[in-house]
Every structure is written in structure tokens, then in C-alpha cells.
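Structure first, then comments.
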Amino acid sequence: MRRLTIKANYAFRILKKRLAGDKRFGDGSILGSMCSSPHPLAKKIFNETLELNIGDPGLVPGLIEVEQEAVGIMGSYCGLPGAPGRIVTGGTEANILALWTALQRSGHKKRDVVLPVSRHFSFDKAAHLLDLNLIFVGLDSQGQMNLDEAKKLVTPQTLALVGIAGSTGLGAVDPLEGLSELAWKNDVYFHVDASFGGFVLPFLEEAGYSSRKFDFSLPGVSSIAIDPHKMGRGPIPSGCILYRNQELYDLTALPVTYLSGGRTLINTVVGTRSGAAVAAVWAILKHLGRPGYVKVVKKAMELTYWLQGELKKMDGFTLEREPVMNIIGLKPLTMTPVELEKRLRSRGWALSLWDTYLRVVLMPHVKKSHLKKFLRDLEEITREGL
């Protein structure tokens with residue numbers, strides 16, 4: 011009879027062997043991801059709190075307080091200390107929650123969402139789930155939402171307006187001040203997807219770089235998505251949605267009566283939620299603090315501009331645009347982006363492929379030594395292609 015179980019140490023060995031070829035952030039070959047290796051403290055706290063389920067809040071009152079404090083800290087980075095919100099699985103859940111909140115606010119009477127073509131695919135998911143109509147706005151030459159076009163597309167049937175603070179492709183920041191004014195004048199729910207930029211923009215000026223307003227200091231902003239598992243050094247997955255006020259926060263709350271911890275209200279997409287992620291996010295927020303995040307962003311931006319300078323010295327490439335954050339769009343001139351991505355991948359590099367360029371993201375795990383090796387391979391590939 012075939013054995014149905016294996017010993018624990020054997021399971022470990024099997025997995026170690028089967029995952030041996032999977033990429034890890036530490037080897038420096040992942041240059042296209044917006045995630046990074048979590049901070050060592052986040053890993054430690056996560057491992058020690060694995061069994062906690064914050065989806066049953068009555069069982070973990072201490073963890074609920076920790077979540078509220080962590081959310082409040084992220085609110086302070088987004089212009090509203092103590093903002094109500096939840097730690098969620100990432101930007102996708104946060105963006106779905108934002109549009110669900112907007113739908114509840116309208117009494118399900120409106121369905122049109124005005125957003126840039128550069129939106130994250132999570133908004134397409136939200137549209138399918140919530141039966142919404144996505145009205146797309148074109149971009150300007152810098153990859154930012156065209157404000158004049160957006161003004162023409164907002165109508166009495168507009169449910170929500172979405173702006174991006176750090177687009178997935180190039181880290182572009184939409185004209186959020188103008189969009190805020192547009193939303194305010196038309197009483198439209200305005201969500202800012204700062205899943206990437208939320209842990210970059212608040213610290214850029216202190217790091218010595220120019221920044222843009224993206225947060226609750228803009229009066230029209232209703233909610234913000236911000237991801238600890240990107241530049242926040244948190245565990246994967248971990249995201250956050252922040253609301254301007256308690257009224258908006260409460261709009262998606264549904265009663266649950268059967269939990270072991272007692273009756274409660276749940277206002278996230280998922281029910282069972284990782285308490286370990288919450289604890290780890292709180293720990294890293296408290297450990298790094300504002301000074302720590304300034305250092306993280308400063309290092310990333312220094313590498314970004316160093317790499318930009320090196321790329322400008324090379325023949326056969328141009329940049330899609332000047333970097334706004336720690337993201338570079340590498341545009342090949344002697345071959346297609348598809349061909350360049352294929353050749354780089356054959357040498358072990360993992361970049362993000364877009365229509366006209368390859369995206370390089372200078373995350374905390376990336377070191378200058380990694381980039382020097384990347385540049386050597388890039389030069390060799392370029393010579394081969396000439």
C-alpha cells in the first residue's frame with residue numbers, strides 16, 4: 011500500500027529541493043518587482059504570530075489595537091494622523107474596497123468610474139465584481155492622467171474618480187491636486203491608488219528630492235491605498251486602505267454573528283485575515299519610523315539616479331521618461347523590448363516587460379553590485395544585437 015504521509019524533515023527537504031530554482035530577492039536578479047524582501051524584524055514577528063486571525067477580532071483585542079495604531083501611523087504619512095482604515099492583503103483588495111465604498115455611498119445609483127489608462131488591473135477586477143463601468147482617461151507625455159480630458163468625462167453619473175500616486179509602469183503621479191478639486195466640485199468619491207508611492211512620496215523631500223502632494227491634505231481625497239509590502243519593508247502580502255472619515259469606513263461593514271470571539275462587523279473583502287501580517291507591519295513601522303523610511307527612500311533614489319547616469323552613457327538605449335520615484339523605464343533602440351527581455355531572462359535577470367520599455371524598480375534588496383553586473387550583461391547583449 012502506498013504511503014500517504016511523509017515525515018516533517020523529509021517534507022522540508024523535498025520542498026527545499028523543489029523550490030531551489032525559484033528566485034529570491036537576496037540574489038539581486040529581481041529588478042522588475044515592486045515587492046522586496048521584508049525587513050528581518052518583520053520576518054521574525056510574522057513567524058512568531060502565525061496563528062493569529064484578526065478576522066475574528068473578539069479573540070485578539072490586543073491585535074486590534076495594534077492594527078489601529080499601525081493604520082494611524084500610515085495615516086500620518088498620508089496627511090491624516092489616526093485615519094480610520096484596515097490592514098488588508100494589498101493594493102488589489104484596497105482598490106476593490108475603495109470602489110465598493112463609493113458604490114455604497116451612492117446608494118448603488120451610479121456606476122461610472124473615471125480613471126487613467128495606466129490604472130492597476132485591480133480596478134478591472136473591481137469593475138467585474140461590482141458591475142461598474144470604467145471610463146478611461148488618456149495620458150500626457152509624462153505618463154500622467156490628462157486632467158483636461160478627465161474634466162470632460164466626469165458627469166452626474168460618475169460614481170468615483172481614481173488617481174494614481176506612483177503608476178505601476180513608470181511611477182508617474184497623476185495631477186492629484188486638480189483631480190481633488192474636480193472631485194470636490196462634483197461631489198464625487200476620489201480614491202488615490204498610492205500602493206507604491208505611499209511609502210515613497212512622504213519621504214522624498216527629506217531625502218533631498220522633489221515630491222508631489224497625494225494625500226488627505228487635498229480636500230477631495232476620500233480614500234488612499236498604501237502597501238507596506240512594497241517600499242514599507244513589510245511582509246508579503248500586506249496592504250492598507252485609509253479613509254478620510256469614520257462614515258466612509260463604516261459603509262462596507264457587514265455583521266457577522268457566528269465567530270468564536272463574538273458578534274462583530276467585518277469591512278474587508280476577506281474574512282480570515284493574517285494577524286501575523288498586522289503584527290509585522292506594526293513592528294516595522296515602529297522600528298523604522300519616519301527617519302528609517304527617509305533612509306530607505308534616499309538609498310533607493312540614489313541608486314535610481316546612479317543607474318540612470320550609467321544607462322545614459324550606453325549606446326542603444328534611452329529612458330521612457332525621467333524618473334519620478336525609484337523606477338526606470340529602459341527603452342531599447344536596437345531591438346524590441348520583448349527581445350531584450352528574453353535575452354536578459356536567459357542570463358537570469360527578471361525585469362518587468364511593457365509595450366515600449368522594460369521596467370527596473372530599485373527596491374531595498376537591490377545593491378549597486380547587482381546593478382554593475384546587470385550593466386555588464388546589458389552591454390554584452392547590446393553588442394550581440396548590433
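The sequence shown maps to residues 11 to 396 in the numbering used here. Yeah, the Cβ is synthetic: ideal placement off N, Cα and C, and Gly gets one too.
Q: Figure out for me which residue from Phe-213, Pro-245, Val-98 has the closest Cα to the Cα of Asn-57.
A: Numbered from its first residue, the sequence shown carries residue 57 at position 47. Put simply, of Phe-213, Pro-245, Val-98 the residue whose alpha carbon is nearest the alpha carbon of Asn-57 is Pro-245.
Q. What span of residues does the alpha helix (DSSP H) with Phe-22 cover, start to end?
A. The count along the sequence shown starts at 1 and reaches residue 22 at position 12. Membership of Phe-22 in the alpha helix (DSSP H) is indicated by the continuous run 18-28.
Q) CB Arg-248 to CB His-201, shorter than 8 Å? A) Residue 248 sits at position 238 when you count from the first residue of the sequence shown. Residue 201 sits at position 191 when you count from the first residue of the sequence shown. Note on identity: in this sequence residue 248 is Ser, with Arg being the wrong assignment. Taking C-beta atoms as the reference points, Ser-248 and His-201 fail to come closer than 8 Å.
**Q.** Own chain, CB closer than 8 Å to Ser-379, minus 5 neighbours either side, in chain order
**A.** Against the sequence shown, residue 379 aligns to sequence position 369. Closer than 8 Å at Cβ, skipping near neighbours: Gly-38.
Q) Is it the case that the Cβ atoms of Ser-344 and Gly-65 are separated by a distance below 8 Å? A) As a working note, residue 344 is residue 334 in the sequence shown. As a working note, residue 65 is residue 55 in the sequence shown. Per the sequence shown, the amino acid found at residue 344 is Thr instead of Ser. At the C-beta level, Thr-344 and Gly-65 stay beyond 8 Å of one another.
Q.
Could you tell me the alpha carbon to alpha carbon distance between Ile-397 and Leu-295, rounded to whole angstroms?
A. Nothing about residue 397 can be reported from this structure: the residues present for the chain run from 11 to 396 only.
Q | Cross-strand partners of Asn-63 (DSSP beta bridge) | A | The residue labelled residue 63 in the question sits at position 53 within the sequence shown. Beta-bridge pairing links Asn-63 to Ser-284.
Q: Step through the CB atoms of chain D and report whether any lies within less than 8 Å of the CB of Met-335.
A: This model lacks chain D altogether, as it is built from one protein chain only.
Q) Anyone know if the C-beta pair for Gly-176 and Ala-204 falls short of 8 Å? A) Mapped onto the sequence shown, residue 176 falls at position 166. Mapped onto the sequence shown, residue 204 falls at position 194. Gly-176 places its beta carbon less than 8 Å from that of Ala-204.
Q | Nearest to Val-231 (by Cα), restricted to the options Gly-89, Ala-293, Glu-390 | A | For the purposes of this step, residue 231 is taken as residue 221 along the sequence shown, with counting starting at 1. Ranking the options by Cα distance to Val-231, first place goes to Gly-89.
Q: Select from Val-306, Val-307, Glu-332, Lys-309 the residue whose C-alpha is nearest the C-alpha of Gln-318.
A: As a first step, residue 318 must be located in the sequence shown, where it is residue number 308. The candidate whose alpha carbon is nearest that of Gln-318 is Glu-332.
Q.
Contact defined as beta carbons within less than 8 Å: I believe Thr-122 pairs with Gln-167. What is the distance between those atoms, to the nearest angstrom?
A. Mapped onto the sequence shown, residue 122 falls at position 112. Mapped onto the sequence shown, residue 167 falls at position 157. The residue asked about is misnamed: residue 122 is Asp in this sequence, not Thr. The beta carbons of Asp-122 and Gln-167 sit about 5 Å from each other, so the pair counts as a contact at 8 Å.
**Q.** First and last residue of the uninterrupted alpha helix (DSSP H) at Ala-160
**A.** Numbered from its first residue, the sequence shown carries residue 160 at position 150. First-last of the alpha helix (DSSP H) with Ala-160: 157-163.
Q: Under the assumption that Leu-149 contacts Asn-156 (Cβ atoms under 8 Å), give the Cβ distance between them as a whole number of angstroms.
A: Here residue 149 refers to the residue found at position 139 when the sequence shown is read from its first residue. Here residue 156 refers to the residue found at position 146 when the sequence shown is read from its first residue. Taking the Cβ atoms as the reference, Leu-149 lies roughly 6 Å from Asn-156, within the contact range of under 8 Å.
Q: Answer yes or no: do Leu-169 and Tyr-199 have a C-beta to C-beta separation smaller than 8 Å?
A: For the purposes of this step, residue 169 is taken as residue 159 along the sequence shown, with counting starting at 1. For the purposes of this step, residue 199 is taken as residue 189 along the sequence shown, with counting starting at 1. Contact annotation: Leu-169 and Tyr-199 have beta-carbon atoms nearer than 8 Å.
**Q.** beta strand (DSSP E) segment containing Asn-143, residue limits
**A.** As a working note, residue 143 is residue 133 in the sequence shown. That run of the beta strand (DSSP E) goes 143-147.
Q | Rounded C-alpha distance that separates Thr-102 from Phe-206 | A | For the purposes of this step, residue 102 is identified with residue 92 of the sequence shown, where counting begins at 1. For the purposes of this step, residue 206 is identified with residue 196 of the sequence shown, where counting begins at 1. Those two C-alpha atoms are separated by around 12 Å.
Q: Would you mind reading off the limits of the beta strand (DSSP E) that contains Gly-339?
A: Along the sequence shown, read from residue 1 onward, the residue named residue 339 stands at position 329. Gly-339 -> beta strand (DSSP E) spans 337-342.
Q: Write down the C-beta distance between Gly-208 and Gly-179 rounded to the nearest angstrom, noting that I regard them as a contact closer than 8 Å.
A: Taking the sequence shown and counting its residues from 1, the one referred to as residue 208 is at position 198. Taking the sequence shown and counting its residues from 1, the one referred to as residue 179 is at position 169. At roughly 17 Å, the Cβ-Cβ gap does not stay under 8 Å, so Gly-208 and Gly-179 are not in contact.
Q) How should Pro-229 be labelled, buried or exposed, when 16 other C-beta atoms within 10 angstroms of its C-beta is the threshold for buried? A) Indexing the sequence shown from 1 puts residue 229 at position 219. Counting Cβ neighbours within 10 Å, Pro-229 comes out exposed, since fewer than 16 surround it.
(Q) Please classify Asp-237 as buried or exposed, where buried requires at least 16 neighbouring CB atoms within 10 angstroms. (A) Indexing the sequence shown from 1 puts residue 237 at position 227. Result: buried.
Q) Is the stretch 119-134 close to the stretch 298-318, with three or more CB pairs under 8 Å? A) Below 8 Å, too few C-beta pairs join the stretch 119-134 and the stretch 298-318 to call them touching: fewer than three.
Q) Among Thr-314, Ile-16, Val-172, Met-84, which one has its Cα closest to the Cα of Leu-125? A) Taking the first residue of the sequence shown as position 1, residue 125 is located at position 115. Per the Cα distances, Val-172.
Q. When you compare each of Leu-264, Leu-350, Ala-193, Val-98 to Asp-365 by their alpha carbons, which one comes out closest?
A. On the sequence shown, residue 365 is found 355 positions in, with the first residue counted as 1. The candidate whose alpha carbon is nearest that of Asp-365 is Leu-350.
Q) Taking the continuous alpha helix (DSSP H) assigned at His-49, which residues delimit it? A) Here residue 49 is taken as the residue at index 39 of the sequence shown, counted from 1. Run containing His-49: none; DSSP gives neither H nor E here.
Q | Contacts around Asp-197, its chain only, beta-carbon distance under 6 Å, and the 5 residues preceding and following it disregarded | A | Start at 1 with the first residue of the sequence shown, and residue 197 comes out as number 187. Exclusion of the five residues before and after Asp-197 leaves no residue of its chain whose Cβ lies closer than 6 Å to its Cβ.
Q: Give the secondary structure of Val-210 by DSSP, where H, G and I count as helix, E and B as strand, and everything else as coil.
A: Here residue 210 refers to the residue found at position 200 of the sequence shown. DSSP, read as helix, strand or coil, puts Val-210 in coil.
Q) Of all the options Leu-363, Trp-292, Leu-354, Gly-326, which has the alpha carbon lying nearest to the alpha carbon of Leu-51? A) Position 41 of the sequence shown holds residue 51. Ranking Leu-363, Trp-292, Leu-354, Gly-326 by CA distance to the CA of Leu-51 puts Trp-292 first.
Q: Flag this pair as touching only if the stretch 321-338 and the stretch 380-393 have three or more C-beta atom pairs under 8 Å; answer yes or no.
A: Two segments are said to touch when three or more pairs of C-beta atoms, one from each, lie closer than 8 Å; by this definition the stretch 321-338 touches the stretch 380-393.
Q.
Please tell me whether Val-183 and Val-334 are closer than 8 Å, where the distance is taken between their beta carbons.
A. Sequence index remark: in the sequence shown, residue 183 carries index 173 (1-based). Sequence index remark: in the sequence shown, residue 334 carries index 324 (1-based). The beta carbons of Val-183 and Val-334 sit closer together than 8 Å.
Q.
For Tyr-289 and Leu-69, what's the separation of their Cα atoms in angstroms?
A. On the sequence shown, residue 289 is found 279 positions in, with the first residue counted as 1. On the sequence shown, residue 69 is found 59 positions in, with the first residue counted as 1. Before going further, note that residue 289 is Ala rather than Tyr in the sequence given. The C-alpha of Ala-289 lies about 15 Å from the C-alpha of Leu-69.
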